[in-house]
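The end of the sequence shown is residue 570 by the numbering used here, with every number in the run present.
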Amino acid sequence: MEHQLPPEGDWRTWVILGGRGAGKTRAGAEWVRAQVEGALPLGEGACKRLALIGETVEQVREVMVFGESGIMACSPPDRRPEWQATRKRLVWPNGAVAQVFSAHEPEGLRGPQFDGAWVDELAKWKKARETWDMLQFGLRLGEAPQVCVTTTPRNVGVVKDILASDSTVVTSAPTEANAANLAQGFLEEVRARYAGTRLGRQELEGVLVDATEDALWTPVMLEAGRVEAVPDLDRIVVAIDPP
Numbered sequence: 328m329e330h331q332l333p334p335e336g337d338w339r340t341w342v343i344l345g346g347r348g349a350g351k352t353r354a355g356a357e358w359v360r361a362q363v364e365g366a367l368p369l370g371e372g373a374c375k376r377l378a379l380i381g382e383t384v385e386q387v388r389e390v391m392v393f394g395e396s397g398i399m400a401c402s403p404p405d406r407r408p409e410w411q412a413t414r415k416r417l418v419w420p421n422g423a424v425a426q427v428f429s430a431h432e433p434e435g436l437r438g439p440q441f442d443g444a445w446v447d448e449l450a451k452w453k454k455a456r457e458t459w460d461m462l463q464f465g466l467r468l469g470e471a472p473q474v475c476v477t478t479t480p481r482n483v484g485v486v487k488d489i490l491a492s493d494s495t496v497v498t499s500a501p502t503e504a505n506a507a508n509l510a511q512g513f514l515e516e517v518r519a520r521y522a523g524t525r526l527g528r529q530e531l532e533g534v535l536v537d538a539t540e541d542a543l544w545t546p547v548m549l550e551a552g553r554v555e556a557v558p559d560l561d562r563i564v565v566a567i568d569p570p
């Protein structure tokens, strides 16, 4: 599908925005393959050192690596990488390596360097800003390191900043674009429940939904106020303003 194909021209970040089941993971996996594989199984590709980043190591492994649309499923036998569990990395027959990182630990990206990266579901990471920043400092190998970001859109600051960058290109598609590969029962249920709703625009249409115009607290404000650990409190007050 068109939204799964890398855009032409010079870009640093390719963001694939899509509804649930729109084929984002498959697009990311195929992009990684295109970067690391050469003309022959042992031939060198454009990239030799990539980062695979998800919210947790487990999600990277289960979705990006071993998922139904992940790297292993997309790779033919003679080009399929080896999963080295203890080192949390994939190694291709031609020597290319993709290292796994968790967005819960942004500091893990301090030190390693890469010539490419695949970032999955960035919009839901609790430490999205910190992890994205650490990745940028590590993208320093090769002539023009690139990043593929696959995510369902959410109105958070780091996502909006990435989309606004001159070095970013965007492709998008709704869930319906991949209907041929999705269960009919799933499509009927989510259409009935969420079509025409704010959540449906985000999760099914793959649209970045802006904050309500007159909202007292915007998503950006709420994200900025998050804390990792709750301090000891003497008193907790919950106030409810009745209609």
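For every residue, glycine included, the Cβ atom is placed at its ideal position computed from N, Cα and C. On a predicted model such as this, the values are computed, not experimentally measured, just so you know.
Runs of the alpha helix (DSSP H) spanning 4 or more residues and lying entirely within the region 337-419 occur at 351-363 and 398-401, in chain order.
Exclusion of the five residues before and after residue 393 leaves 399, 400 and 410 as the residues of its chain whose Cβ lies within less than 8 angstroms of its Cβ. Rounded to the nearest angstrom, the gap between the Cα atoms of residue 382 and residue 501 is 23 angstroms. Closest in alpha carbon position to residue 390, among 487, 462 and 350, is 350. In this structure, the alpha-carbon of residue 560 lies about 14 angstroms from that of residue 554. Here DSSP, grouped into helix, strand and coil, assigns residue 473 to strand. Here residue 511 carries a helix assignment [DSSP, helix/strand/coil]. Residue pairing from DSSP leaves residue 458 without any beta-bridge partner. By the CB criterion at 7 angstroms, residue 427 and residue 379 fall inside the cutoff.
For residue 522, the CB contacts under 8 angstroms within the same chain, skipping 5 residues up- and downstream, are 531 in chain order.
Three or more Cβ pairs closer than 8 angstroms define a contact, and the region 412-426 falls short of that threshold against the region 447-454. Note on geometry: alpha-carbon atoms of residue 377 and residue 506 lie some 31 angstroms from one another.
Where residue 500 is concerned, the enclosing beta strand (DSSP E) starts and stops at 495-500. If the five residues before and after residue 468 are omitted, its C-beta is found closer than 7 angstroms to the C-beta atoms of 376, 440, 441 and 442, all from its own chain and listed in chain order. For residue 447, the enclosing beta strand (DSSP E) stretches over residues 443-447.
DSSP places residue 425 in the uninterrupted beta strand (DSSP E) bounded by 424-429. Under DSSP, residue 466 takes part in a beta bridge, and its partners are 441. In terms of Cβ geometry, residue 485 and residue 504 do not form a close pair [threshold 7 angstroms]. Distance between residue 357 and residue 565, taken at the CA atoms: about 48 angstroms.
Membership of residue 485 in the alpha helix (DSSP H) is indicated by the continuous run 484-491.
Residue nearest to residue 470 within the set 339, 477 and 543 is 339 (criterion: CA-CA distance). With a cutoff of 7 angstroms on beta-carbon distance, residue 433 and residue 457 are scored as near each other.
Between residue 436 and residue 462, the gap from beta carbon to beta carbon is short of 7 angstroms.
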